[in-house]
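Asker:
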Amino acid sequence: MPEKFLKPYNPQEVEASIYKKWEESGYFNPDNLPGDRKESFSIVLPPPNVTGTLHIGHAYEDTLQDIVVRYQRMRGKKTLWIPGTDSAAIATQAKVEKDILKKENKNRYDLGREELVRRVTEFAKASESIILNQVRKMGASLDWSRYAYTLDDKRNLAVMTAFKRMYDAGLIYRGHRIVNWDPKGQTTISDDEIIYEERDANLVTFKYSKDFPIAIATTRLETKVGDTAVAVHPDDERYKEFVGKEYDAVFCDVPIHIKIVADHEVDPAFGTGALGVTPAHSMTDWDIADRHNLPRPQVINEYAKISTPGRLNGKKVLEAREMILTWLKENDLVIKEETIKQNVSTAERTGAIIEPLPKLQWWIAVNKPVETRGGKTLKELMRHAVESGEIDMPQEGFRSTYLHWIENLRDWCISRQIWFGHRIPVWYRGEEVYCDLTAPEGDGWQQEEDVLDTWFSSALWTFSTLGWPEETNDLKTYHPTSFMSPAYEILQLWVSRMILMSEFHLDQVPFKKVLIHGLVRDKSGRKFSKSLNNGIDPLDMIEKYGADALRMGLIMGAAIGSDVKFDEQRVKGYKLFANKVWNITRFVLENTEGVAREETPTYNATDAALWAEFEDLVTEVTSDTEEYRIYMAAEKLYHYVWDRFASAILEESKPILKGDDAAAKRSRQHFLLDALTGSLKLLHPFMPFLTEEVWQSLPERSGLLMVEEWPAK
RNA sequence: GCGCGGUUAGCUCAGUUGGUAGAGCAUCCCCUUGACGUGGGGAGGGUCGCAGGUUCGAGUCCUGCACCGCGCACCA
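Position one of the first sequence corresponds to residue 8 (my numbering), numbered consecutively onward.
(1) Starting from Arg205, trace the beta strand (DSSP E) in both directions and tell me its first and last residue.
(2) Look at the alpha carbon of Pro262 and the alpha carbon of Asp255, and state the distance between them as a whole number of angstroms.
(3) For the candidate residues Gly560, Glu634, Ser465 and Asn611, whose alpha-carbon lies nearest to that of Ala669?
(4) Shortest alpha-carbon distance to Gly568 belongs to which of Met81, Lys483, Glu496 and Leu557?
(5) What's the C-alpha gap between Tyr645 and Lys85?
(6) Excluding five sequence neighbours on each side, which residues of the same chain lie with their C-beta closer than 6 angstroms to the C-beta of Tyr647?
(7) If I follow the unbroken beta strand (DSSP E) through Leu269, where does it start and stop?
(8) Please state whether the Cβ-Cβ distance between Lys231 and Gly283 is less than 9 angstroms.
(9) Using three-state DSSP, classify Arg227 as helix, strand or coil.
(10) Tell me which residues share the same chain as Val103 and place their Cβ nearer than 7 angstroms to its Cβ, disregarding the 5 neighbours each side in the sequence.
(11) What is the C-beta distance between Leu657 and Phe584, in whole angstroms, given that I count them as a contact (C-beta under 8 angstroms)?
(12) My guess is that Ile543 and Ile137 are in contact by the Cβ rule of under 8 angstroms, so how many angstroms apart are they, rounded?
(13) From this set, Ala466, Gly317, Arg436 and Gly449, which residue's C-alpha is nearest Trp723's C-alpha?
(14) Taking 6 angstroms as the limit between beta carbons, can you name the residues of its chain near Arg733, skipping five residues before and five after?
(15) DSSP beta-bridge partners for Met81?
(16) Got a sec, what are the start and stop residues for the alpha helix (DSSP H) Thr613 sits in?
(17) Please confirm whether Trp426 and Val393 have their CB atoms less than 9 angstroms apart.
(18) For Trp618, collect the residues of the same chain with a Cβ closer than 8 angstroms to its Cβ; drop the 5 residues on either side in sequence, then sort them by chain order.
(19) Taking the runs of the alpha helix (DSSP H) that are 4 residues or longer, which of them lie wholly in the segment 481-534?
(20) Which residues mark the beginning and the end of the alpha helix (DSSP H) in which Arg153 is found?
(21) Can you confirm whether the segment 138-158 touches the segment 71-81 when touching is taken to mean that 3 or more C-beta pairs between the two stretches lie within less than 8 angstroms?
(22) Where Ser47 and Glu633 are concerned, what is the direct C-alpha to C-alpha distance, given to the nearest angstrom?
(23) Considering only residues of the same chain and omitting the five flanking positions on each side of Cys442, which have a CB-CB separation below 7 angstroms?
(24) Between which residues of its own chain and Ile549 is the CB-CB distance below 6 angstroms, once the five residues before and five after are set aside?
(25) Taking only runs that begin and end inside the segment 167-191, name each unbroken beta strand (DSSP E) of 3 or more residues, in chain order.
(26) For the putative contact between Arg504 and Trp462, defined by C-beta atoms under 8 angstroms, what is the C-beta separation to the nearest angstrom?
(27) Quick one, which of Glu362, Glu478 and Asp93 has its alpha-carbon nearest Val57's?
(28) Which partner residues of Ser47 appear in the DSSP bridge assignment?
(29) To the nearest angstrom, how far is the alpha carbon of Leu546 from that of Gln141?
(30) Cα-Cα, which of Glu205, Trp419, Glu337 and Leu697 is closest to Trp258?
(31) Is it right to say Tyr485 is buried, meaning 16 or more other beta carbons lie within 10 angstroms of its own, or is it exposed?
(32) For Val239, report the span of its alpha helix (DSSP H) as first-last.
(33) For Asp270 and Ala101, what's the separation of their Cα atoms in angstroms?
(34) Assess, as a yes-or-no matter, whether the segment 354-362 is touched by the segment 207-216 under the definition of 3 or more beta carbon pairs within less than 8 angstroms.
(35) I need the boundaries of the alpha helix (DSSP H) containing Asn36, first residue and last residue.
(36) Please classify Val306: does DSSP put it in a helix, a strand, or coil?
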């Protein structure tokens with residue numbers, strides 16, 4: 008018996024070398040797997056952002072996928088798990104800009120485009136290597152030879168190609184309309200990057216001037232200098248006589264010209280039933296202006312400051328709001344003030360309050376019929392993929408959420424006013440517009456300044472990682488991918504967009520099954536965040552308890568789909584379990600020295616019954632894993648190994664092994680060896696390091712446990 | 001307003017097609033140089049959020065309600 012079993016199991020001593028062994032074996036790459044593997048199984052790793060280091064949520068996600076991948080590999084499938092990282096354009100640039108501002112007191116314009124992109128790239132590179140090291144520490148059996156980064160050459164080609172093809176199909180267009188402007192990040196963001204916060208707001212009812220006939224109500228007084236109309240409901244008897252009339256006023260130094268219009272959008276029950284229309288700073292008002300052909304003066308600039316002449320000029324919106332309120336009071340124009348609850352839109356990345364502004368931006372049309380897809384719109388394709396069951400989304404709740412969200416989907420704004428990312432492949436010369444993978448011939452062409460929303464490249468991930476737009480073997484073999492397990496947070500941002508892109512570019516679903524998982528929260532159910540300082544570094548946990556214990560601690564928390572409350576105590580418990588397996592091995596090896604393994608062992612009746620019990624376990628663990636009841640499989644294994652095998656069977660074995668009945672002893676020795684090796688196989692997807700380390704020490708074993716055959720038929 | 005999820009032991013959560021309520025941790029008691037003290041044995045603890053209904057039988061299915069979390073919409 009190897010001497011190492013005389014000491015407790017020490018994960019720190021073995022994990023690095025075991026991972027190295029796996030990596031050097033080449034088995035992470037399905038092309039090298041032994042045996043004749045026909046069926047393929049593929050997953051792409053949701054690429055972590057290169058904004059820093061991995062957190063416990065990544066560790067959870069890595070574990071779930073690695074369990075599935077290891078299981079499928081042992082089942083004899085051609086198993087591919089592709090690693091990658093995401094440039095996360097806006098998040099990464101924002102982080103680096105913040106650092107530069109802090110250390111050098113310079114902003115992006117001081118540095119210039121080229122220098123800033125260089126600095127961000129440098130940061131991303133450093134961050135990338137930290138992240139990849141962390142992923143390895145978790146034991147993730149990823150095919151590093153296929154590693155992809157959203158900004159590498161192949162992925163860049165995929166992004167450019169995708170843009171061009173959608174542009175040519177008329178699905179990508181440039182349009183002037185209200186966007187979500189992030190004044191801190193100095194960029195537009197999509198609807199899905201907004202976080203709504205409920206706050207108290209002061210709803211002020213007032214008149215523009217003494218002789219204006221209608222009172223209106225607003226929480227955003229500062230926008231009222233940009234009003235060009237007052238809209239009322241067509242059936243509202245109170246205001247019928249005014250519809251069509253026009254009025255002039257000077258509103259806090261700003262001359263305004265107001266037309267009274269009738270529009271169905273107006274809710275007669277809200278406020279005074281009359282709506283001050285600010286076309287340039289409200290989505291609904293923009294639409295009203297469309298219908299009534301109203302002018303749309305912009306009165307708030309990109310820095311969230313007032314841009315009209317007069318006393319308000321250059322004031323921040325909140326200041327201007329106060330000034331106008333004071334002015335209204337001085338002129339006795341306020342009718343009522345009341346506090347109401349209001350949802351304030353804030354930017355996910357910067358926390359800034361979103362300022363709706365009119366901007367010329369690039370969009371993906373989700374409601375436009377796609378010729379090559381039988382006239383279905385992108386939205387319909389997205390809905391159909393899930394509704395038809397072609398993508399299996401077994402969690403009813405998330406399925407409804409997805410479909411509900413699709414219903415409300417609007418065109419996707421894909422241009423961002425930052426510099427780090429995929430620059431939009433469009434060039435302008437006067438009125439000419441040119442779109443292609445590379446710059447056009449000739450002089451005077453100016454490339455579009457904007458870059459693409461980071462989710463544009465992420466959305467191509469299932470096939471850009473497989474070599475698309477080339478028609479590679481990988482693409483044929485591994486797409487659609489088999490499985491996807493994202494956090495519910497990114498159902499909309501990512502999952503739905505992968506479906507959109509894959510449907511359009513490949514006429515395929517991106518994955519066959521989606522299992523959405525929850526968030527890892529702290530012991531009290533709070534999100535991990537910097538401000539709470541409750542973060543947990545997976546590497547610390549690995550250092551203390553080993554990667555296997557961390558893996559078990561994460562997946563045993565809860566069923567997939569609900570949030571996991573992370574409890575270090577539990578991780579500690581699984582470290583004990585790892586040691587238990589270690590000592591079981593010690594016991595079995597001590598008591599089976601010199602016993603040759605037999606192909607078909609002959610058990611006596613007692614041991615045959617024990618073996619039947621073990622086979623039941625195999626069946627259950629197999630079906631649980633097959634059906635993604637990961638925690639169930641792990642829990643059953645834990646129980647069998649500890650309570651049945653160690654506590655009961657080993658205890659009962661002692662007298663047999665020491666007794667005089669040679670036949671009974673021999674039968675039991677075989678059973679112990681077989682149950683141990685069988686248990687190691689079953690445990691391997693969950694606790695790969697420990698089981699592989701033990702496996703390497705068993706007599707008469709060769710090769711790696713990671714490619715052993717799963718014990719079930 | 002619409003939608004989704006949750007509510008089971010002190011805590012964190014399981015409970016697959018309806019068939020006598022489970023685990024881990026925590027608590028308490030006991031054992032002990034035996035593979036492992038990173039151990040072993042045992043105990044206490046739950047009218048399964050509330051109210052109805054279906055059923056021979058409901059934690060599980062149906063209806064309504066309450067509270068907690070989340071998403072969408074509104075946000076004048």
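Using N, Cα and C, we set each Cβ at its ideal position, and we do this for glycine too.
All of these numbers come straight from a predicted model, not from anything done at the bench.
Answerer: To lay it out plainly:
(1) Before going on, a small fix: residue 205 reads as Glu here, not Arg. Start and end: Ile201 to Phe213.
(2) 7 angstroms
(3) Asn611
(4) Glu496
(5) 28 angstroms
(6) Leu624
(7) Note that residue 269 corresponds to Ala in the displayed sequence, not to Leu. Element bounds for Ala269: Val261 to Ala269.
(8) yes
(9) coil
(10) Arg126, Val127 and Phe130
(11) Between Phe584 and Leu657 the Cβ distance is about 15 angstroms, and since that is not below 8 angstroms, they are no contact.
(12) With a Cβ gap of about 16 angstroms, Ile543 and Ile137 do not count as contacting.
(13) What is shown of the chain runs 8 to 720, which leaves residue 723 out entirely.
(14) In this structure the chain extends from 8 to 720, so residue 733 is not present and cannot be described.
(15) Paired residues: none, contrary to the question.
(16) Ala612 to Glu633
(17) no
(18) Tyr610, Phe678, Asp681 and Ala682
(19) 503-513
(20) First-last for Arg153: undefined, no H or E at that position.
(21) yes
(22) 15 angstroms
(23) Lys171, Tyr174, Pro432 and Val433
(24) Lys144 and Leu557
(25) 179-189
(26) 6 angstroms
(27) Asp93
(28) Lys85
(29) 7 angstroms
(30) It should be pointed out that residue 258 corresponds to Phe in this sequence rather than to Trp. Considering only alpha carbons, the answer is Glu337.
(31) buried
(32) Here Val239 belongs to no alpha helix (DSSP H); instead the beta strand (DSSP E) covers Ala236 to Val239.
(33) 41 angstroms
(34) no
(35) Taken as a continuous stretch (DSSP letters only), Asn36 belongs to no alpha helix (DSSP H), as it is neither H nor E.
(36) coil
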